[in-house]
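Residue numbers (this note's numbering), protein chains in the order written: chain A, 101 to 310; chain B, 101 to 310.
Structure (structure tokens):
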């Protein structure tokens, strides 16, 4: 298995940072235990960018947020339903709210993921619909950086329910207008997939994220 | 400060994922407290890629690993010296070693950062010098993903000394042949910097990372 990650035996899989951060380690371990000879190279980009990389064959397939996606262009396996929550430091004045509204948090420092992520345009649009502007102090796609800002009570963020560890000194709060998220695997229609890619698709069809 | 991150008042600052993850939250908070009207947009790429973005004016400046950099091409402020360590789960058989050698860990599953990072070519070269091959199971630039693999004892990685939290169920071990790391801020020579960029440089000159 030494240094095969760039060989032809490798599956090129996309996964957005936040999905990759909580789901990928378990998925990867289970897949490798079952198929030790197949290597996976992970590409971490936002869901919107990822569809382009699937379109232009940079990636064999991608785990992405399916909401609002033109799914007629892709083959798809649904994996998991979750929710985008507001995440803030346990000592923040918003920590006691449940649910929290965008008007509650409009002046509070916010980290937003970058353009190309699912959340960036969706959250901006939600604020705009209510004639509000988010107080974005930083755009970052590094989940670890986002969590560090929250942990230090420098800013809050919107994160997937499962992406929070208990040790993060932070709380996740449902939004008064919930943001449900569907996660799935997509690949381009009418292409010839390698046997390794087909093995991965079969694995995902049976995979259950706890 | 609403939504100014893409305006002309914004400093475009590069920081590699691992540096960004541990140093940037503190640096950012201190800078914003002192200069609330100046926004920073962070760009997270590997140190090698970052120099290209400084060269082609995509970034105003970048915090990067200075080792092996052709420094004659850049203005530079040295910030901090640290070290690249081997990081593994506390339950791993290597957890008790101190120091650890590359031959000790050659068969152990490893996550390496991607091409474009400082560590990727340097660590590969170190293994090659000893006629060894690392058992790379995944290339990832997401610090959170790397830590999750270590936390779950799926793989080990090379990480900067300060990037580890105490709660990560993992240990960092010095290498038998140490890998010292110098971190600094660089910007292109002979360019006109904005007053905001100059303010940031003055701030960095006085900044002390704890």
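Where a beta carbon is used, it is the ideal one built from N, C-alpha and C, also for glycine.
Do residue j and residue i count as a contact pair if the criterion is CB distance below 8 angstroms?
i             : j             : result
residue 282/A : residue 181/A : yes
residue 309/B : residue 176/B : no
residue 227/A : residue 260/A : no
residue 148/A : residue 217/A : yes
residue 256/B : residue 210/B : yes
residue 297/B : residue 160/B : yes
residue 125/A : residue 194/B : no
residue 245/B : residue 162/A : no
residue 130/B : residue 239/B : no
residue 174/B : residue 154/B : yes
residue 236/A : residue 212/A : yes
residue 303/B : residue 111/B : no
residue 116/A : residue 179/A : no
residue 192/B : residue 253/B : yes
residue 146/A : residue 251/A : no
residue 188/B : residue 119/B : no
residue 138/A : residue 113/A : no
residue 169/A : residue 258/A : no
From what residue to what residue does the beta strand (DSSP E) around residue i run?
i             : result
residue 282/A : 279-288
residue 141/A : 139-143
residue 293/B : Here residue 293/B belongs to no beta strand (DSSP E), and DSSP marks it neither H nor E.
residue 203/A : Taken as a continuous stretch (DSSP letters only), residue 203/A belongs to no beta strand (DSSP E), being part of the alpha helix (DSSP H) at 202-205.
residue 238/B : 236-239
With H, G and I counted as helix, E and B as strand and the rest as coil, what does DSSP make of residue i?
i             : result
residue 225/A : helix
residue 182/A : strand
residue 270/B : strand
residue 257/A : strand
residue 107/B : Reliability of the predicted coordinates at residue 107/B is poor, the pLDDT of 43 falling under 50, and the value obtained from them is presented with this limitation in mind. In the structure shown, residue 107/B sits in coil (DSSP, three-state: anything other than H, G, I, E or B).
residue 210/B : strand
residue 264/B : coil
residue 101/A : Note that residue 101/A has pLDDT 37, beneath the 50 cutoff, so the model's placement of it is unreliable and the number below is only indicative. In the structure shown, residue 101/A sits in coil (DSSP, three-state: anything other than H, G, I, E or B).
residue 233/A : coil
residue 276/B : coil
residue 248/B : helix
residue 155/A : helix
residue 149/A : helix
In the DSSP output, which residue or residues are listed as bridge partners for residue i?
i             : result
residue 215/B : 217/B
residue 99/B  : Here chain B has residues from 101 to 310 only, and residue 99/B is not among them.
residue 188/B : 271/B
residue 174/A : 288/A
Could you spell out the range, first to last residue, of the alpha helix (DSSP H) harbouring residue i?
i             : result
residue 194/B : Segment: none, residue 194/B is in no alpha helix (DSSP H) and carries neither H nor E.
residue 133/B : 124-134
residue 309/B : Run containing residue 309/B: none; DSSP gives neither H nor E here.
Cβ-based contacts, 8 angstroms cut-off: residues of the region 130-149 of chain B near chain A: Taking 8 angstroms as the Cβ-Cβ cut-off, the region 130-149 of chain B approaches chain A at 132, 139, 140, 141, 142 and 144, given in chain order.
Any residues in the region 227-243 of chain B with a beta carbon nearer than 8 angstroms to a beta carbon of chain A? Which ones, in chain order? From the region 227-243 of chain B, only 233, 234, 235, 236, 237, 238, 239, 240, 241, 242 and 243 have a Cβ closer than 8 angstroms to chain A.
Just by C-beta distance, which residues in the region 171-193 of chain A are closer than 7 angstroms to chain B? Those residues of the region 171-193 of chain A that come within reach of chain B (Cβ to Cβ, closer than 7 angstroms) do not exist; the list is empty.
With 8 angstroms as the limit, tell me which residues of the region 209-221 of chain B have their beta carbon closer than that to any beta carbon of chain A; keep them in chain order. Listed in sequence order: no entries.
For the region 109-129 of chain A, enumerate the residues whose C-beta is nearer than 8 angstroms to any C-beta of chain B, in chain order. For the region 109-129 of chain A, which is checked against every Cβ of chain B, the residues closer than 8 angstroms are 117, 120, 121, 122, 124, 125, 126, 128 and 129.
Any residues in the region 283-310 of chain A with a beta carbon nearer than 9 angstroms to a beta carbon of chain B? Which ones, in chain order? Correct list: empty, as no residue qualifies.
Using a Cβ-Cβ cutoff of 9 angstroms, what residues of the region 153-168 of chain B are near chain A? List them in chain order. Among the residues of the region 153-168 of chain B, none has a Cβ less than 9 angstroms away from any Cβ of chain A.
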